[in-house]
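One structure is given here, and the rest of the page talks about it.
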Amino acid sequence: MKKILITGGAGFIGSHVVRRFVNNYPDYMIVNLDKLTYAGNLANLTDIEDKPNYRFVKADITEASVINELFNKENFDAVIHLAAESHVDRSIADPTAFVMTNVIGTVNLLNAAREYWKGSYDKKRFYHVSTDEVYGALGETGMFTESTSYDPHSPYSASKAASDHFVRAYHDTYGLDIVVSNCSNNYGSHHFPEKLIPLAINNIKNAQPVPVYGKGENVRDWLWVEDHARAIDVIFHQAKTGQTYNIGGHNEWKNIDLIHLLCKIMDNKLGRTEGESAKLITFVTDRAGHDLRYAIDSTKLQNELNWVPSLQFEEGLEKTVEWYLENEGWLSDVTSGNYQAYYENQYEGR
Ligand code: NAD
Ligand code: TDX
Numbered sequence: 001m002k003k004i005l006i007t008g009g010a011g012f013i014g015s016h017v018v019r020r021f022v023n024n025y026p027d028y029m030i031v032n033l034d035k036l037t038y039a040g041n042l043a044n045l046t047d048i049e050d051k052p053n054y055r056f057v058k059a060d061i062t063e064a065s066v067i068n069e070l071f072n073k074e075n076f077d078a079v080i081h082l083a084a085e086s087h088v089d090r091s092i093a094d095p096t097a098f099v100m101t102n103v104i105g106t107v108n109l110l111n112a113a114r115e116y117w118k119g120s121y122d123k124k125r126f127y128h129v130s131t132d133e134v135y136g137a138l139g140e141t142g143m144f145t146e147s148t149s150y151d152p153h154s155p156y157s158a159s160k161a162a163s164d165h166f167v168r169a170y171h172d173t174y175g176l177d178i179v180v181s182n183c184s185n186n187y188g189s190h191h192f193p194e195k196l197i198p199l200a201i202n203n204i205k206n207a208q209p210v211p212v213y214g215k216g217e218n219v220r221d222w223l224w225v226e227d228h229a230r231a232i233d234v235i236f237h238q239a240k241t242g243q244t245y246n247i248g249g250h251n252e253w254k255n256i257d258l259i260h261l262l263c264k265i266m267d268n269k270l271g272r273t274e275g276e277s278a279k280l281i282t283f284v285t286d287r288a289g290h291d292l293r294y295a296i297d298s299t300k301l302q303n304e305l306n307w308v309p310s311l312q313f314e315e316g317l318e319k320t321v322e323w324y325l326e327n328e329g330w331l332s333d334v335t336s337g338n339y340q341a342y343y344e345n346q347y348e349g350r
């Protein structure tokens with residue numbers, strides 16, 4: 001039996017990774033460690049919470065003594081590390097929280113792995129889930145490859161870049177078995193409605209303004225979150241030690257074009273006349289230091305590990321809209337803050 005610690009499993013991507021591993025690997029014990037910040041929501045995992053190969057631990061990765069105690073007690077075989085402060089706009093407002101969780105928290109996990117896995121580094125694995133934002137911004141052409149130099153611009157991407165460097169340094173210096181993946185923008189169910197797509201879905205549904213930063217000219221490369229979870233599965237099981245893989249959808253969209261497509265889908269789903277939702281589009285002040293364009297070259301992952309995205313964007317976006325419309329309770333609990341009251345009662349003191 002493999003015991004795997006997944007951090008950040010109550011968040012957007014983490015919950016998809018936890019679900020995939022719990023369902024696909026009944027012989028593994030999956031321990032989901034999450035602080036349950038504003039972004040962590042145990043309602044994301046109600047379908048698997050009673051499975052015998054799943055456990056939840058409420059903990060903060062910035063607390064080294066708590067992490068050490070857990071490693072001492074549990075004898076994990078591997079870590080898949082997703083816990084992070086993840087929203088660029090929040091990092092502009094409060095960079096320190098990003099240094100604490102994304103840098104110090106990652107180093108705490110690495111230190112625990114280094115200490116408690118001593119003598120068996122060849123049988124253990126530390127997988128760090130990272131972002132394409134570490135590479136900075138592209139102009140009109142070109143793509144990020146695994147050898148693109150790091151050039152982060154936001155406090156968020158700077159903190160993720162630092163954590164990537166620490167993970168690789170623990171491989172080079174101490175011999176830890178590590179893998180890193182850098183992925184483009186994800187979309188899909190259970191996405192917190194501060195990020196562009198779920199925020200726009202929620203606002204369109206409620207006939208509220210849809211804020212588009214600047215002129216909406218910025219380009220993002222969107223990937224279905226379940227395709228990301230499948231890529232993590234493949235890399236975790238098959239990558240050679242020390243390797244990095246870029247993960248992307250080959251699916252670049254200008255923000256304004258994406259929002260128009262979303263408005264069209266929503267008009268259709270909500271029975272509105274075509275063009276009605278697009279009237280909600282409101283251009284607002286641009287994000288400070290807003291990266292113009294991201295695009296991932298995932299040739300290495302495709303050629304070496306045979307991974308390709310499964311879903312066309314239009315289909316995925318339609319499925320995403322349907323999920324939000326069918327899960328009004330999830331959305332209203334998140335936007336009202338009720339989900340936090342629930343877990344504060346459930347997990348206080350554990
Ligand atoms: P998210 O904000 O939805 O979830 C983050 C989770 O981490 C939450 O459950 C939160 O409670 C938990 N967490 C935060 N601070 C913690 C702490 N100190 N201790 C323990 N748990 C803590 O984020 P996401 O979008 O699911 O991103 C997950 C990971 O994937 C992050 O590392 C992010 O950098 C990376 N990533 C995200 C995207 C994307 O498009 N969302 C793309 C590429 C990479
Ligand atoms: O209201 C908005 N209006 C708007 O125009 C918001 C929230 C965003 N935007 C723009 C900014 C970006 O160009 O839309 C684009 C997408 O923004 P976000 O959803 O905030 O994502 P982004 O900043 O690209 O970062 C995301 O992808 C990479 C995740 O949040 C990161 O965690 C991940 O690493």
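The UniProt record's numbering numbers the first residue of the sequence shown as 1 and each following residue consecutively. Glycine included, each C-beta is placed from N, C-alpha and C at the ideal position.
For this session: Tell me, please, which residues DSSP counts as bridged to His-128.
Result: Along the sequence shown, one-based indexing puts residue 128 at 128. According to DSSP, which records beta bridges pairwise, His-128 is partnered with His-81 and Val-180.
Problem set entry | residue 351 - partner residues in DSSP beta bridges | Outside the shown range of the chain, which is 1 to 350, sits residue 351, and nothing can be said about it.
Exercise. Can Asn-202 and Pro-209 be called in contact, C-beta distance under 8 Å?
Worked result: Taking the sequence shown and counting its residues from 1, the one referred to as residue 202 is at position 202. Taking the sequence shown and counting its residues from 1, the one referred to as residue 209 is at position 209. Contact flag unset, no.
Problem set entry | Nonlocal neighbours in the same chain, by C-beta distance under 6 Å from Glu-348, ignoring five residues either side | Residue numbering aside, residue 348 sits at position 348 when the sequence shown is read from its first letter. Here Glu-348 scores only 45 on pLDDT, less than 50, and its place in the model should not be relied on; the value that follows carries that caveat. If we look at Glu-348 and ignore the five residues flanking it on each side, it has no Cβ neighbours.
Exercise. Given a threshold of 16 other Cβ atoms within 10 Å of its Cβ, counted over all protein chains shown, does Val-284 qualify as buried or as exposed?
Worked result: As a first step, residue 284 must be located in the sequence shown, where it is residue number 284. Val-284 comes out exposed.
Problem set entry | Residue burial classification, Asn-102 (beta-carbon count within 10 angstroms, cutoff 16) | Indexing the sequence shown from 1 puts residue 102 at position 102. So Asn-102 counts as buried.
Exercise. Is Phe-192 near ligand 1, with its Cβ less than 7 Å from a heavy atom?
Worked result: Walking along the sequence shown from the start, residue 192 turns up at place 192. For ligand 1, at least one heavy atom lies less than 7 Å from the Cβ of Phe-192.
Exercise. Would you report the Cα separation of Asp-164 and Val-129, rounded to the nearest angstrom?
Worked result: As a first step, residue 164 must be located in the sequence shown, where it is residue number 164. As a first step, residue 129 must be located in the sequence shown, where it is residue number 129. For Asp-164 and Val-129, the distance between alpha carbons rounds to 9 Å.
For this session: Taking 8 Å as the cut-off, decide whether the C-beta atoms of Thr-145 and Asp-297 are in contact.
Result: Counting from 1 along the sequence shown, the entry for residue 145 is found at position 145. Counting from 1 along the sequence shown, the entry for residue 297 is found at position 297. In contact: Thr-145 and Asp-297 (Cβ atoms closer than 8 Å).
Exercise. Does ligand 1 have a heavy atom nearer than 7 Å to the CB of Gly-136?
Worked result: As a first step, residue 136 must be located in the sequence shown, where it is residue number 136. Gly-136: no, Cβ never under 7 Å from ligand 1.
Exercise. From Asn-218, Ser-15, Asp-94 and Ile-247, pick the residue whose C-alpha is nearest to that of Ile-259; which is it?
Worked result: Residue mapping note: residue 259 aligns to position 259 of the sequence shown, counting from 1. Among Asn-218, Ser-15, Asp-94 and Ile-247, the Cα nearest to that of Ile-259 belongs to Asn-218.
For this session: Please determine if the region 11-18 and the region 81-96 are in contact, where contact requires at least 3 C-beta pairs separated by less than 8 Å.
Result: yes
Exercise. Going by other Cβ atoms of all chains shown within 10 Å of its Cβ, with 16 needed for buried, is His-237 buried or exposed?
Worked result: Within the sequence shown, numbered from 1, the residue matching residue 237 stands at position 237. By the 16-neighbour rule on beta-carbons within 10 angstroms, His-237 is exposed.
For this session: Assuming Ala-229 contacts His-16 (C-beta within less than 8 Å), just tell me the rounded distance between them.
Result: Counting from one through the sequence shown, the residue named residue 229 turns up at place 229. Counting from one through the sequence shown, the residue named residue 16 turns up at place 16. 4 Å between Cβ atoms; contact.
For this session: From the DSSP output, in three-state form, read off Arg-220 for me.
Result: Here residue 220 refers to the residue found at position 220 of the sequence shown. Three-state result, Arg-220: strand.
Exercise. What residue does the alpha helix (DSSP H) around Tyr-54 start on, and which one ends it?
Worked result: For the purposes of this step, residue 54 is taken as the residue at position 54 of the sequence shown. Unbroken run through Tyr-54 is the beta strand (DSSP E), 54-58; no alpha helix (DSSP H).
For this session: Give the DSSP bridge partners of Arg-293, in chain order.
Result: Your numbering for residue 293 matches position 293 in the sequence shown. Answer is Leu-138 and Val-219, bridged to Arg-293.
For this session: Measuring alpha carbon to alpha carbon, tell me which of Asn-41, Thr-7 and Asp-333 ends up nearest Phe-76.
Result: Sequence index remark: in the sequence shown, residue 76 carries index 76 (1-based). Measuring from the Cα of Phe-76, the nearest candidate turns out to be Thr-7.
Problem set entry | Rounded straight-line distance, which links the Cα of Ala-158 to that of Cys-263 | Along the sequence shown, one-based indexing puts residue 263 at 263. Along the sequence shown, one-based indexing puts residue 158 at 158. Those two C-alpha atoms are separated by around 33 Å.
Problem set entry | Alpha-carbon spacing of His-190 relative to Tyr-213, whole angstroms | The residue given as residue 190 occupies position 190 in the sequence shown. The residue given as residue 213 occupies position 213 in the sequence shown. When rounded, the distance between both Cα atoms is 23 Å.
Exercise. Closer than 6 Å from C-beta to any heavy atom of ligand 2: which residues, in chain order?
Worked result: Ser-86, His-87, Val-88, Thr-131, Glu-133, Asn-185, Lys-195, Leu-196, Leu-199, Pro-211, Val-212, Tyr-213, Asn-218, Arg-220, Asn-255 and Arg-287
Exercise. Is it a yes or a no for the region 166-180 touching the region 112-126, going by three-plus beta-carbon pairs under 8 Å?
Worked result: yes
Exercise. Between Pro-152, Lys-205 and Tyr-38, which lies nearest to Glu-328 when the distance is taken from Cα to Cα?
Worked result: Locating residue 328 in the sequence shown gives position 328, counting from the first residue. The candidate whose alpha carbon is nearest that of Glu-328 is Lys-205.
Problem set entry | Counted within 10 angstroms of its Cβ, other Cβ atoms place Gly-289 as buried (16 or more) or exposed | Position 289 of the sequence shown, counting from 1, holds the residue named residue 289. Classification for Gly-289: exposed.
Exercise. Any beta-carbon of chain C closer than 8 Å to the one on Pro-155?
Worked result: The structure shown has no chain C; it contains just one protein chain.
Exercise. For the candidate residues Ala-231, Val-99, Leu-5 and Thr-37, whose alpha-carbon lies nearest to that of Met-29?
Worked result: Counted from its first residue, the sequence shown places residue 29 at position 29. Per the Cα distances, Leu-5.
For this session: Could you have a look at Trp-307 and say whether DSSP puts it in helix, strand or coil?
Result: Locating residue 307 in the sequence shown gives position 307, counting from the first residue. Three-state result, Trp-307: coil.
Exercise. Whose C-alpha, out of Ala-200, Leu-270, Tyr-187 and Glu-326, is nearest the C-alpha of Leu-280?
Worked result: Within the sequence shown, residue 280 is the residue found at index 280, counting from 1. The residue with the shortest Cα to Cα distance from Leu-280 is Ala-200.
Problem set entry | C-beta atoms of Gly-188 and Gly-40 nearer than 8 Å | Along the sequence shown, read from residue 1 onward, the residue named residue 188 stands at position 188. Along the sequence shown, read from residue 1 onward, the residue named residue 40 stands at position 40. No, the Cβ-Cβ distance between Gly-188 and Gly-40 is not below 8 Å.
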